[in-house]
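Asks:
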Amino acid sequence: MAGASDRYEHHFHEHTVDQYDNLLTLARYLVVNAGKIDAAGGLLFDRAYMPDFEPMPEGIAAHPPAALPPLAHGPLAGIAALPGEDWQDYCERAFGIEILPYDPFCLWLQSPLWARTEPSAKGAGLRIVYLLDVGVPHNHVEISMGQAWTDYDKTGFLWDKLDLPLELFKTGVHTPIREWPEWIGASTLNARRAAITLNADNLRETLIERDIARPEDIAGLSDEDIRQLEFTTGALPRSYRDVLSLIGHRAGRLVDDRELQIYADQLPEVNRMGRERRAEWEAEGGDPVPDDAIFIGARYGMSPWFILQDSRTHFPPRGDSPVFLFDTDTGKVTQTSISVWGWVEGLVRDAETFIAEGIPEKNARRGYSSGLPPLAMKYKQQAERDRNITIAMMAGAVLLGVVLSLVYLLTT
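Per my numbering, numbering through the sequence shown is continuous, rising by one, with the last residue being 485.
1. In this structure, does DSSP put Ser-478 in helix, strand or coil?
2. Using three-state DSSP, classify Ser-312 as helix, strand or coil.
3. To the nearest whole angstrom, what separates the beta carbons of Leu-141 and Leu-116, a pair I think is in contact under 8 Å?
4. Hey, quick one: how far does the beta strand (DSSP E) through Ile-367 stretch, first residue to last?
5. Between the alpha carbons of Leu-271 and Gly-415, how many angstroms are there, rounded?
6. Can you name the start and end residues of the alpha helix (DSSP H) that Phe-504 belongs to?
7. Cutting at 8 Å between CB atoms, please list the residues of its own chain near Leu-319, excluding the five before and the five after it.
8. Express the C-alpha separation of Ile-367 and Asp-176 in angstroms, rounding to a whole number.
9. Along the chain, where does the beta strand (DSSP E) containing Ser-410 start, and where does it finish?
10. Between Glu-282, His-146 and Val-105, which lies nearest to Val-421 when the distance is taken from Cα to Cα?
11. Do you know how far the Cα of Ser-376 is from the Cα of Glu-353?
12. Kindly indicate the opening and closing residues of the alpha helix (DSSP H) around Phe-304.
13. Per the DSSP calculation, His-84 is bridged to which residue(s)?
14. What are the residues that DSSP puts in a beta bridge with Ala-292?
15. Would you tell me roughly how many angstroms separate the C-alpha atoms of Pro-174 and Arg-458, rounded to the nearest one?
16. Figure out for me which residue from Ile-110, Trp-160, Phe-85 and Val-406 has the closest Cα to the Cα of Met-129.
17. Does the beta-carbon of Gln-183 have 16 or more other beta-carbons within 10 angstroms, so that it is buried, or is it exposed?
18. Exposed or buried, Tyr-313, counting other C-beta atoms within 10 Å across all chains shown (16 or more means buried)?
19. When DSSP labels each residue in this structure, what does Phe-118 get in the three-state scheme?
20. Compare the Cα-Cα distances from Ala-113 to each of Pro-138, Ile-133 and Gln-92 and report the closest residue.
21. What number of angstroms, rounded off, separates the C-alpha of Leu-483 from the C-alpha of Ala-468?
22. Quickly, what does DSSP pair Val-396 with across the bridge? List them, please.
23. In the DSSP output, which residue or residues are listed as bridge partners for Gln-183?
24. Which runs of the alpha helix (DSSP H) at least 4 residues long sit entirely within the region 135 to 194? Give them in chain order.
25. From what residue to what residue does the alpha helix (DSSP H) around Asp-236 run?
26. What are the boundary residues of the alpha helix (DSSP H) that includes Met-346?
27. Measure the beta-carbon distance from Leu-205 to Tyr-225 and round it to whole angstroms, keeping in mind my assumption that it falls under 8 Å.
28. Give the secondary structure of Gln-92 by DSSP, where H, G and I count as helix, E and B as strand, and everything else as coil.
29. Could you tell me the distance, in whole angstroms, from the CA atom of Gly-219 to the CA atom of Thr-190?
30. Per DSSP, Gln-334 is paired with what?
31. Name the two residues that bound the continuous alpha helix (DSSP H) containing Lys-109.
32. Excluding sequence positions up to five away, which residues of its chain have a Cβ less than 7 Å from the Cβ of Asp-111?
33. Across the region 461 to 476 and the region 319 to 338, are there enough close Cβ pairs to call them in contact, namely three or more that are closer than 8 Å?
34. Restricting to Cα atoms, I'd like to know which of Glu-342, Phe-168, Val-214 and Trp-232 is closest to Arg-372.
35. So is Gly-147 buried or exposed if we call it buried at 16+ other beta carbons inside 10 Å?
36. Among the candidates Pro-390, Gly-307 and Gly-358, whose CA atom is the shortest distance from the CA of Asp-364?
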């Protein structure tokens, strides 16, 4: 495919000759029988990923269920199971694919995200051929969400590889499955990334130079804080770890933290809300949101932003992630930034605009320049509040005395 090598980084896996032939046989079976498969119930995409799928490989041919995961069509395609094999053993032997929730080859073929974006048997067959030729795209999660760009279902060399009977082409089987977003190649993506100037080396200085925060207003998380956070969120991309280490606690006027919740102490609630809304919209037919989405902010407690985990499905690791907006009013998901740093850059631009327009500072997160330790500063603030209360009470007492004196003089 022209341009394929410069469009993505790919996960590539060496298959034996038999495994390669088996995968091509399965792909051909899915495409040739796509109409029949889709009419009988379609393909099954769920979070089980097949380990507990029934019946076992030996029993599929005799009693096939209405809907099967793509790889479970292997026995029906003539790729026989050995006696006693479960699905894990069968798929590893026959196809060289591990049935694991985070295996990129398994996800590229039967991630539950495909159920909302491209669930057809023809699409699954073409993804198998794509895998055999160039591997699994590094951004396969974004593609299966419908948030990235692919043309695997339009590319002629995939169809040539299937070596289908000529009469099938007369039925329209070669037509594109889905209208994907506009093609964006590696050179365009790299140019967009290069246009982002903010990074871990200049974020602090940028906030200070643009009068968004004073040095004492800026505080981040420790390495231990971030490790504790990852226990609940999963592995964070390096770019987001850097952001948290710099401004995870506070960043002056970067945001009004009643309007935008982006700080570490707000993230548990943001993630709880994001997961709840995701489950609600999943039942209502909303856009797909990955199981391992990490919600990193919200506006007024709703419509959160999320990024993708940096898990073992990505080798080398992502290091960064696009940022997506999950509209909790409509269930729609849109990519808002190609990078975590692009997202932070947007927050900085907004802060500059508000400051330039003279919008009053509200709910900023400020630090203190007195040099007092936090506990001493807390006591100092409490003492100041107590003093102000005392002064107010004394003033009230004096005023009350004056009023009573006037009342006495006027009534005697």
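All residues carry an ideal CB built from backbone N, CA and C; glycine is no exception.
Replies: So, from the listed chains and residues:
1. Correct three-state label for Ser-478: helix.
2. Here DSSP, grouped into helix, strand and coil, assigns Ser-312 to helix.
3. 7 Å
4. 366 to 372
5. 8 Å
6. Any property of residue 504 remains undetermined from this structure, which presents the chain solely from 74 to 485.
7. A distance below 8 Å between beta-carbons, with the five flanking residues on each side excluded, links Leu-319 to the following residues of its chain, in chain order: Ala-273, Leu-276, Arg-277, Ile-291 and Gly-293.
8. 19 Å
9. 406 to 410
10. Glu-282
11. 13 Å
12. 296 to 306
13. Val-209
14. Beta-bridge partners assigned by DSSP to Ala-292: Arg-323.
15. 55 Å
16. Trp-160
17. buried
18. buried
19. Phe-118: coil per DSSP, three-state reduction.
20. Pro-138
21. 23 Å
22. Ser-410
23. None; Gln-183 has no bridge partner.
24. Listed in chain order, the complete alpha helix (DSSP H) runs (minimum 4 residues) inside the region 135 to 194 are 160 to 168, 177 to 183 and 187 to 190.
25. Unbroken run through Asp-236: none, as it is neither H nor E.
26. 340 to 357
27. Between Leu-205 and Tyr-225 a beta carbon distance of about 12 Å is seen, past the 8 Å cut, so the two are scored as non-contacting.
28. helix
29. 6 Å
30. Ala-371
31. 107 to 112
32. Ser-193 and Ala-194
33. no
34. Glu-342
35. buried
36. Gly-307
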